[in-house]
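Student: Residues 21 to 246 in the working numbering are what the sequence shown lists, from first letter to last.
We put the CB at the ideal spot given by N, CA and C, even for glycine.
Predicted model only: the values in this text are computed from it and were never measured.
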Amino acid sequence: MGNDAVKLVPSILDADFARLGEQVAEVERAGADRIHVDVMDGHFVPNISIGAPIVQSLRRITRLALVTHMMVSDPDFFLEEFVDAGSDSFLVHWEGNNHLHRTVSRIKALGKRAGVVINPATSADVLEEILPDVDQVLVMTVDPGFGGQTFLHTMLPKIRRVRQMIERIKLGCDLAVDGGINEETAPLAVAAGANVLVAGSAIFAASEGISAAMDRLRAAITHKAH
Ligand code: DX5
Ligand code: ZN
21 MGNDAVKLVP SILDADFARL GEQVAEVERA GADRIHVDVM DGHFVPNISI
71 GAPIVQSLRR ITRLALVTHM MVSDPDFFLE EFVDAGSDSF LVHWEGNNHL
121 HRTVSRIKAL GKRAGVVINP ATSADVLEEI LPDVDQVLVM TVDPGFGGQT
171 FLHTMLPKIR RVRQMIERIK LGCDLAVDGG INEETAPLAV AAGANVLVAG
221 SAIFAASEGI SAAMDRLRAA ITHKAH
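1) Where does the unbroken beta strand (DSSP E) through His89 begin, and where does it stop?
2) If you drop the 5 nearest sequence neighbours on each side, which residues of the same chain put their C-beta closer than 7 Å to that of Ala239?
3) Buried or exposed, going by whether 16 or more other CB atoms sit within 10 Å of the CB of Pro95?
4) Keeping to the same chain, check which residues put their C-beta closer than 7 Å to that of Ile81; ignore five residues upstream and five downstream.
5) According to DSSP, simplified to helix, strand and coil, what is Pro73?
6) Between Ala25 and Arg54, what straight-line distance do the alpha-carbon atoms span, to the nearest angstrom?
7) May I have a chain-ordered list of the beta strand (DSSP E) segments no shorter than 3 residues that lie completely inside the region 195-223?
8) Tell me which residues share the same chain as Ser69 and place their Cβ nearer than 7 Å to its Cβ, disregarding the 5 neighbours each side in the sequence.
9) Where Val92 and Gly71 are concerned, what is the direct C-alpha to C-alpha distance, given to the nearest angstrom?
10) Among Gly165, Lys190, Leu158, which residue has its Cα nearest to the Cα of Lys178?
11) Given a threshold of 16 other Cβ atoms within 10 Å of its Cβ, counted over all protein chains shown, does Thr161 qualify as buried or as exposed?
12) If you draw a straight line from the C-alpha of Leu99 to the C-alpha of Glu115, how long is it?
13) Can you tell me whether Val29 sits near ligand 2, meaning its C-beta is under 7 Å from at least one heavy atom of the ligand?
14) By Cβ distance, which residues of its chain are closer than 7 Å to Lys128, with the 5 residues on each side in sequence left out?
15) For the beta strand (DSSP E) containing Gln169, list its first residue and its last residue.
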């Protein structure tokens with residue numbers, strides 16, 4: 021895959037929420053492909069973050085797709101609220117969802133794109149039956165809940181396996197990674213088969229500023245990943 025096909029998706033979890041609109045506008049100007057919105061309920065993960073009103077506000081100021089990463093115990097309960105607010109697609113976890121196919125079907129019935137997420141300890145095997153129904157697989161490269169954690173290199177073989185499954189079962193399905201993506205780890209994830217990079221702290225907490233950080237991430241995957 022050409023590295024120009026790799027999508028860079030800033031996660032706003034590490035943004036300055038007092039200046040969220042400005043910062044999202046800045047990543048859009050800097051060439052972000054989508055915006056990743058982390059929704060946490062303090063139950064599915066040990067942290068709380070943001071809800072539909074933030075999506076509603078962002079919808080007014082960006083044309084980029086708003087991808088909603090549902091780290092909540094009952095994603096079905098919130099889907100319509102987020103659709104009304106302006107979410108374009110949903111990432112829902114395999115873990116703790118006994119009716120994942122139903123959740124994915126509901127998302128599609130609402131006219132939105134659906135992706136499935138697996139945590140670090142979850143095997144790629146669980147994707148086999150749901151893969152034909154989703155547009156995206158997200159392999160967590162940290163345990164979800166917080167920004168700024170360290171990339172788990174042990175996830176690289178799993179990324180390679182998921183890439184092989186996608187080639188076999190669902191060509192064109194996005195393979196995303198989320199957690200600890202920076203200049204060092206982005207090329208490794210791309211080389212393993214990821215074509216969507218979600219990055220939070222490497223973009224929003226970078227001392228050189230947002231657009232410089234995005235340029236450096238892009239340069240890292242262009243120069244190093246082969
Ligand atoms: C973690 C979230 C991530 C997080 C990534 O639970 O799902 O999207 O914002 O942050 P970094 O890139 O700092 O690991
Ligand atoms: Zn996320």
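Tutor: For this structure:
1) 85-91
2) none
3) buried
4) Gly41, Val44, Ala45
5) helix
6) 13 Å
7) 216-219
8) Leu33, Asp58, Val59, Met60
9) 11 Å
10) Leu158
11) buried
12) 17 Å
13) no
14) Ala134
15) From DSSP, Gln169 is part of no beta strand (DSSP E); its letter is neither H nor E.
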